[in-house]
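So the sequence shown is numbered by our numbering: it starts at 1 and just counts up by one. Just below is one structure, and these are the notes that go with it.
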Amino acid sequence: MNSKILPVLAIFSILIVAGCTSTAPSPSVTITSPTEGQLIEGNTATVALSASNIRLAAPNGTVVEGEGHFHVWLDGANEQRGPKTTFVFNNVPLGEHTAKVELHRGDHSPYEGTSKTVSFMLAVSGQLPPVSTVTAKEFNMTATKFTFEPSTVTVNKGDRVVLHITSTDVGHGFSLATYNIIETLPAGETKTISFIADQVGEFNFFCSVFCGSGHSDMRGKLIVNP
Numbered sequence: 001m002n003s004k005i006l007p008v009l010a011i012f013s014i015l016i017v018a019g020c021t022s023t024a025p026s027p028s029v030t031i032t033s034p035t036e037g038q039l040i041e042g043n044t045a046t047v048a049l050s051a052s053n054i055r056l057a058a059p060n061g062t063v064v065e066g067e068g069h070f071h072v073w074l075d076g077a078n079e080q081r082g083p084k085t086t087f088v089f090n091n092v093p094l095g096e097h098t099a100k101v102e103l104h105r106g107d108h109s110p111y112e113g114t115s116k117t118v119s120f121m122l123a124v125s126g127q128l129p130p131v132s133t134v135t136a137k138e139f140n141m142t143a144t145k146f147t148f149e150p151s152t153v154t155v156n157k158g159d160r161v162v163l164h165i166t167s168t169d170v171g172h173g174f175s176l177a178t179y180n181i182i183e184t185l186p187a188g189e190t191k192t193i194s195f196i197a198d199q200v201g202e203f204n205f206f207c208s209v210f211c212g213s214g215h216s217d218m219r220g221k222l223i224v225n226p
């Protein structure tokens, strides 16, 4: 074969292989019910889910990428696990609640970036407040070495707080212990965090993922007025 043709064929082969190689889409989860801020009659909370780019399977201690199951929490506790798409929490106290969902592998290690939360309210028949009484306060926030901007968030008690946090440089975290919130913030992505501000006071939040020498200074404050 002509020696001049060989390099051309080699380059052509590399291009074919590169063209056939693609990154598999990341798994994701959607909370289909309840919806954000929904008012529900009774003391049963039913969390309905759907998942994309993953095969739901019962956990068996073995890691198979592309397979997984749900972990579901209510108010940071009462954890339920499994591949089913509906999780029922009974005898839930009336008032505001937050459900959190993640996708996990067969050994219960989490798929990064799959965490979702939704806040809702349970009330007895005849005492459901009008939807207009729940005010949503939305904030666009950035996480950059070594600050949150804005670093202070001010709301009123009863407000539904929605934070859209974008990590602009490296991976960060967001922890607000008073509301049982801890989330990872992958670099270049925006994470939405939602909760009902049901406690009055000033509460610190901070970066929960080590991000460099100034990590300990990366913090902010939530102010909830009466």
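Glycine included, every Cβ here is placed at the ideal spot set by N, Cα and C.
Within the same chain, show all residues whose beta-carbon is closer than 7 Å to that of residue i, passing over the 5 residues directly before and after it, in chain order.
i: residue 131; result: Model confidence at residue 131 stands at a pLDDT of 48, short of 50, so the residue's coordinates are unreliable; what they give is reported in the following sentence. Answer for residue 131: 39, listed in chain order.
i: residue 48; result: 32, 33, 85, 86
i: residue 42; result: 122
Starting from residue i, trace the beta strand (DSSP E) both ways and give me its first and last residue.
i: residue 82; result: 77-82
i: residue 112; result: Here residue 112 belongs to no beta strand (DSSP E), and DSSP marks it neither H nor E.
i: residue 219; result: 219-225
i: residue 98; result: 95-104
i: residue 57; result: Note, residue 57: premise wrong, no beta strand (DSSP E); not H, not E.
i: residue 136; result: 136-144
i: residue 172; result: 172-176
i: residue 33; result: 28-33
i: residue 88; result: 86-89
i: residue 72; result: 67-74
i: residue 162; result: 160-167
Note down, in chain order, each residue of its chain lying with its Cβ closer than 6 Å to the Cβ of residue i, except the 5 sequence neighbours on either side.
i: residue 192; result: 164
i: residue 214; result: 146
i: residue 142; result: 149, 166, 168
i: residue 156; result: 225
i: residue 21; result: Low confidence applies here, because residue 21 scores a pLDDT of 47, under 50, leaving its location unreliable; read the following figure in that light. Nothing meets the Cβ criterion.
i: residue 170; result: 187, 211
i: residue 83; result: 56, 57, 58, 69
i: residue 179; result: 195
Spatial neighbours of residue i within its chain, please: CB distance less than 8 Å, with the 5 preceding and 5 following residues excluded, ordered by chain position.
i: residue 194; result: 36, 98, 117, 118, 119, 160, 161, 162, 163
i: residue 112; result: 184, 186
So residue i packs on residue j, CB below 8 Å; how close in whole Å?
i: residue 205; j: residue 219; result: 7 Å
i: residue 53; j: residue 93; result: Not confirmed; about 36 Å, so no contact.
i: residue 153; j: residue 139; result: 6 Å
i: residue 46; j: residue 88; result: 5 Å
i: residue 198; j: residue 158; result: 7 Å
i: residue 102; j: residue 115; result: 5 Å
Looking at chain B, is there any beta carbon in it that lies within less than 8 Å of the beta carbon of residue i?
i: residue 37; result: This model lacks chain B altogether, as it is built from one protein chain only.
Any contact between the segment 98-109 and the segment 56-76? By contact I mean 3 or more CB pairs, one from each, below 8 Å. yes
Tell me the start and end of each unbroken beta strand (DSSP E) in the segment 179-210 that is at least 3 residues and wholly inside, in chain order. 181-185, 190-196, 201-206
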